[in-house]
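Here is the structure we will look at.
There are 2 protein chains.
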Amino acid sequence: MATMRDIALLAGVSTATVSHVVNGTKKLSPETTERVLMAIQEANYTPNTLAKSLRSGQTHTIGVLVEDIRGLPVAGIVSGINETLSKSGYRMILHDLHLLEKLYNQYEQIASYRQRINNGVALLKSSNVDGIIYVGMHDRHLDYLFDPMETPLVFAYSHGTSQDTYVTYSNQDSAQDMTRYLINRGHERIAVIAGHPHSYPTARRMHGIRMALQQVGLIIPDEYVRYGNWEYESGITETKVLLSLDPRPTAIFAMNDLMAAGCMHVLSEMGLNVPKDIAVVGFDNREISRYLQPPLTTVQLPTTEIGTAAALHIMEKINNPSAPPAREIIHCSIIERESV
Amino acid sequence: MATMRDIALLAGVSTATVSHVVNGTKKLSPETTERVLMAIQEANYTPNTLAKSLRSGQTHTIGVLVEDIRGLPVAGIVSGINETLSKSGYRMILHDLHLLEKLYNQYEQIASYRQRINNGVALLKSSNVDGIIYVGMHDRHLDYLFDPMETPLVFAYSHGTSQDTYVTYSNQDSAQDMTRYLINRGHERIAVIAGHPHSYPTARRMHGIRMALQQVGLIIPDEYVRYGNWEYESGITETKVLLSLDPRPTAIFAMNDLMAAGCMHVLSEMGLNVPKDIAVVGFDNREISRYLQPPLTTVQLPTTEIGTAAALHIMEKINNPSAPPAREIIHCSIIERESV
DNA sequence: ATAATTCAGTCAAACGTTTGACTTTACCAA
DNA sequence: TTGGTAAAGTCAAACGTTTGACTGAATTAT
Numbered sequence: 000m001a002t003m004r005d006i007a008l009l010a011g012v013s014t015a016t017v018s019h020v021v022n023g024t025k026k027l028s029p030e031t032t033e034r035v036l037m038a039i040q041e042a043n044y045t046p047n048t049l050a051k052s053l054r055s056g057q058t059h060t061i062g063v064l065v066e067d068i069r070g071l072p073v074a075g076i077v078s079g080i081n082e083t084l085s086k087s088g089y090r091m092i093l094h095d096l097h098l099l100e101k102l103y104n105q106y107e108q109i110a111s112y113r114q115r116i117n118n119g120v121a122l123l124k125s126s127n128v129d130g131i132i133y134v135g136m137h138d139r140h141l142d143y144l145f146d147p148m149e150t151p152l153v154f155a156y157s158h159g160t161s162q163d164t165y166v167t168y169s170n171q172d173s174a175q176d177m178t179r180y181l182i183n184r185g186h187e188r189i190a191v192i193a194g195h196p197h198s199y200p201t202a203r204r205m206h207g208i209r210m211a212l213q214q215v216g217l218i219i220p221d222e223y224v225r226y227g228n229w230e231y232e233s234g235i236t237e238t239k240v241l242l243s244l245d246p247r248p249t250a251i252f253a254m255n256d257l258m259a260a261g262c263m264h265v266l267s268e269m270g271l272n273v274p275k276d277i278a279v280v281g282f283d284n285r286e287i288s289r290y291l292q293p294p295l296t297t298v299q300l301p302t303t304e305i306g307t308a309a310a311l312h313i314m315e316k317i318n319n320p321s322a323p324p325a326r327e328i329i330h331c332s333i334i335e336r337e338s339v
Numbered sequence: 000m001a002t003m004r005d006i007a008l009l010a011g012v013s014t015a016t017v018s019h020v021v022n023g024t025k026k027l028s029p030e031t032t033e034r035v036l037m038a039i040q041e042a043n044y045t046p047n048t049l050a051k052s053l054r055s056g057q058t059h060t061i062g063v064l065v066e067d068i069r070g071l072p073v074a075g076i077v078s079g080i081n082e083t084l085s086k087s088g089y090r091m092i093l094h095d096l097h098l099l100e101k102l103y104n105q106y107e108q109i110a111s112y113r114q115r116i117n118n119g120v121a122l123l124k125s126s127n128v129d130g131i132i133y134v135g136m137h138d139r140h141l142d143y144l145f146d147p148m149e150t151p152l153v154f155a156y157s158h159g160t161s162q163d164t165y166v167t168y169s170n171q172d173s174a175q176d177m178t179r180y181l182i183n184r185g186h187e188r189i190a191v192i193a194g195h196p197h198s199y200p201t202a203r204r205m206h207g208i209r210m211a212l213q214q215v216g217l218i219i220p221d222e223y224v225r226y227g228n229w230e231y232e233s234g235i236t237e238t239k240v241l242l243s244l245d246p247r248p249t250a251i252f253a254m255n256d257l258m259a260a261g262c263m264h265v266l267s268e269m270g271l272n273v274p275k276d277i278a279v280v281g282f283d284n285r286e287i288s289r290y291l292q293p294p295l296t297t298v299q300l301p302t303t304e305i306g307t308a309a310a311l312h313i314m315e316k317i318n319n320p321s322a323p324p325a326r327e328i329i330h331c332s333i334i335e336r337e338s339v
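Listed below in structure tokens is the structure:
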């Protein structure tokens, strides 16, 4: 590998001059510049990144901490981050926290989470990253951890602490949009299969649904709201309850595609036609939603966009460390298929 | 940040001694060692990775080039790679090639692929990675590219050129196992919905199926083999053809879960019961397979294991560059559900 | 004509390690 | 005593850049 010294010798200048040509840090005569450029070309020179980083204190590397890369939205976000960073000449060190598998004892789990996050942060810091993007939803564990972070930090997907920069998607607005979509197609008796009762997305989405109904003077009866646990099976259970109601709802809004799938399974077993007898919509646009009978109308999570925005924010923060924290909430789009 | 010089001063020794304590590169008196260790603790010293790498020429960083992180098996492989590398103190620079979206013009596509791969490799090399793992299936483009690679290289998932180290899964054996599974459950008239006719997995899996049948003296009639294109829709089309056959097959082996899903859709429309009237099996264990009616028996791709093995191989290659290339083919397991 | 300024480029220290060559002291054998 | 060896550390160059301070010449202002 050719070094700066080699180029200096070849062009008959000092290494300082070569450095200035390479980085454009000083005005030089056209002839010298030309000579250096020729030498660089001839020797096929590329600056040594390590030396550069050691001297300048900047690595042009972002650490990306993900809770589990196998989680669907995570991969999309990482993809967006990577694309945007690459374009600006940044690299990405990815570290997977493996937070997907659950431990039985809740206290052990929290301890284990925190330790893994600690290790991950330590690894990234030892890599001299210029900034860190945290991708995930476990904000609970993060507050205490990132408190004394001197490295710029951006949360993607989750919120982190309120004083941090984050990028997320709009739970409330999306649910509101989807509900309006149902209303516009003539539905007034809209039931909901919600997620875990005390979870953040459940609360926000529920709020969005109520807002949309309220705006047209409708209200959702308590028995039309069933809380599941985000799993297929709970879609089955709760749908059965909803179908026993009188009057029966004309549309079911499941807060994710898995529960919507369970719901549609029951419906088809009962001999009910979707969308003629009853409409169903989901949330997430998971792969399964395309292959349901009929294909499910659902909400597309803007994963790539979240990644892109997070990458933009972290670069911004690096270049301007004193800037106030930014909050970006990205809109979801409705994927219109045949279940309404 | 405390440096080695600080520690040296604190412990009253030279930086050389500190270095030797930290790395265990020289025998030192217990007292000195102790003093240095105390100083390190006190000053909360961690060695600067950049300086270390610059001096030693090793970064303890592996570049991982993926065709598209959003592809299902890819995330699993990356997860395995990351876990294994982390345990050995290696970091991972991930670069996504974004090869998922297809271009219309085939020549443009190949050119674009090659350029992206070139850029990716250049990025990783400029990061001074100790080795590269390529995760993907587009071996076609790689032969010419990686030819003059001085950096250790391992292919995961795809084969690469025959003279390279690779880790992949067993197409043939898995298909053979699954076919035996069907045979053992009494099936003799087994039909196949294959993938693209000229693709490598199709050929190997087909071969495995024939082998299994042959071993029990059975043979698969030509009309029982239908070639699809890996998509849901082709599962529908080809199943209709298969059902029109006389005698009708008692089992259908779809070469992926998507086509199996299409198949099962037709079956249920026709009023045929799975598995009573006809058995169906798939391949890949995609999310959808769990939620079909009935849940689909399928083949689990050993993604994590592939990643683990690839990580092990790249570290081996780094420590022993002259070792001969290794080839590892990992077995798939059958996920037994209710479709047989 | 002199001083001040600009221009083009160089010098050398610094970033924080590693490591082969060296020094010093102690110990042992002949 | 002499020579040799082992043990415990140190020295200083090297890895390949960047960059503030400097120099010498040319140009401009007074």
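Residue numbers (numbering that gives the first Met the number 0), protein chains in the order written: chain Y, 0 to 339; chain S, 0 to 339.
A virtual CB, placed ideally from N, CA and C, is assigned to each residue, including glycine.
These numbers were taken from a predicted model, which means no experiment stands behind them.
Minimum C-alpha distance to residue i - residue among the options
i, options, result
"residue 211/Y", "228/Y, 201/Y, 182/Y and 169/Y", "182/Y"
"residue 244/Y", "253/Y, 257/Y, 221/Y and 256/Y", "221/Y"
"residue 98/S", "118/S, 87/S and 80/S", "118/S"
"residue 338/Y", "176/Y, 299/Y, 288/Y and 278/Y", "278/Y"
"residue 94/Y", "43/Y, 63/Y and 333/Y", "63/Y"
"residue 268/Y", "1/S, 297/S, 293/S and 255/S", "293/S"
"residue 167/Y", "218/Y, 331/Y, 336/Y and 2/Y", "331/Y"
"residue 34/S", "206/S, 58/S and 8/S", "8/S"
"residue 77/S", "316/S, 327/S, 301/S and 286/S", "301/S"
"residue 48/Y", "47/S, 325/S, 52/S and 229/S", "52/S"
"residue 59/S", "192/S, 238/S and 151/S", "151/S"
"residue 55/Y", "223/Y, 22/Y and 70/Y", "22/Y"
"residue 357/Y", "44/Y, 43/Y and 16/Y", "Missing from the structure shown is residue 357/Y; chain Y here goes from 0 to 339 and no further."
"residue 92/S", "112/S, 310/S, 114/S and 230/S", "310/S"
"residue 240/S", "254/S, 228/S and 262/S", "262/S"
Residue-level contact to chain Y via CB, residue i, 7 Å cutoff
i, result
"residue 318/S", "no"
"residue 133/S", "no"
"residue 74/S", "yes"
"residue 231/S", "yes"
CB contact check: residue i to chain S, cutoff 7 Å
i, result
"residue 77/Y", "yes"
"residue 272/Y", "no"
"residue 126/Y", "yes"
"residue 54/Y", "no"
"residue 68/Y", "yes"
Residue i: first and last residue of the uninterrupted alpha helix (DSSP H) it sits in
i, result
"residue 177/Y", "170-183"
"residue 233/S", "231-242"
"residue 112/Y", "105-125"
"residue 10/S", "3-10"
"residue 40/S", "29-42"
"residue 79/Y", "71-86"
"residue 199/Y", "199-214"
Enclosing beta strand (DSSP E) for residue i [first to last residue]
i, result
"residue 327/S", "326-329"
"residue 95/S", "90-95"
"residue 62/Y", "60-65"
"residue 48/Y", "From DSSP, residue 48/Y is part of no beta strand (DSSP E) but of the alpha helix (DSSP H) over 48-55."
"residue 250/Y", "250-253"
"residue 333/Y", "332-334"
"residue 152/Y", "152-156"
"residue 273/S", "Element bounds for residue 273/S: n/a, residue is neither H nor E."
"residue 130/Y", "130-135"
- Item | Chain-ordered residues of the segment 81-94 of chain S with a beta carbon less than 8 Å from chain Y | Against chain Y - using a Cβ distance shorter than 8 Å - the residues of the segment 81-94 of chain S are 81, 82, 85, 90, 91, 92, 93 and 94.
- For the segment 285-300 of chain Y, which residues have a CB atom closer than 8 Å to at least one CB atom of chain S, in sequence order? 285, 286, 287, 289, 290 and 292
- Message: Under 9 Å, CB to CB, which of the residues in the segment 25-50 of chain Y have a partner in chain S?
- Response: 45, 46, 47, 48, 49 and 50
- Message: Which residues of the segment 253-283 of chain Y have a Cβ closer than 7 Å to any Cβ of chain S? Give them in chain order.
- Response: 260 and 264
- Query: Is there contact between the segment 169-177 of chain S and the segment 200-217 of chain S, where contact requires at least three CB pairs shorter than 8 Å?
  - Reply: Verdict: yes, contact present.
- Near-chain Y residues of the segment 104-124 of chain S (beta-carbon distance less than 7 Å), N- to C-terminal order: Of all residues in the segment 104-124 of chain S, 122 have a Cβ within less than 7 Å of some Cβ in chain Y.
- Item | the segment 247-264 of chain Y / the segment 188-195 of chain Y touching (three or more Cβ pairs under 8 Å) | Yes, the segment 247-264 of chain Y is in contact with the segment 188-195 of chain Y.
- Item | Touching by the beta-carbon criterion (3+ pairs, under 8 Å), the segment 65-85 of chain S and the segment 297-314 of chain S | yes
- Quick check: the segment 120-132 of chain Y against the segment 283-290 of chain Y, are there 3 or more CB pairs under 8 Å? no
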